[in-house]
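Working notes, structure below.
In this note's numbering, the protein residues as written are 21 to 150.
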């Protein structure tokens with residue numbers, strides 16, 4: 021039968037913590053530079069430079085940008101704007117809905133805005149439009 025105790029790690033060297041006081045501005049800048057990495061990992065990379073340290077791939081700002089773009093695409097899909105605009109256009113073609121020049125311009129502008137928002141979000145995410 022196995023023991024229920026977890027094996028203890030044998031660390032030959034004790035860990036030493038380093039505490040550095042920072043102003044709020046300094047911390048904000050450090051967080052920005054660290055990107056998605058934890059601050060401790062980023063600081064360790066800067067202090068102990070090695071040739072095999074990979075460069076950060078994405079910053080937190082980029083991650084937020086991707087999340088926002090994904091949210092925009094999800095909301096556009098959920099809202100069904102495109103289908104609604106198509107149905108209005110169909111009604112106008114069939115003569116069910118009377119469209120004035122101002123209404124026509126507003127509908128075309130709305131369709132262009134929806135399309136532009138979707139394309140911009142797809143570009144940010146690297147998704148090829150259909």
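Where a beta carbon is used, it is the ideal one built from N, C-alpha and C, also for glycine.
Query: Selected residue, minimal CA-CA separation from residue 144, among 55, 64, 37, 84; Result: 84
Query: Which of helix, strand or coil DSSP assigns to residue 52; Result: helix
Query: Cβ contact (3+ pairs, closer than 8 Å) linking the region 106-114 and the region 134-143; Result: no
Query: Closest residue to residue 106 among 93, 122, 81, 134 (Cα-Cα distance); Result: 134
Query: Neighbourhood of residue 130 by C-beta distance below 7 Å, restricted to the same chain and skipping five residues each side; Result: 105
Query: Proximal residues to residue 92 (C-beta, below 7 Å), its chain only, five neighbours per side dropped; Result: 137, 141
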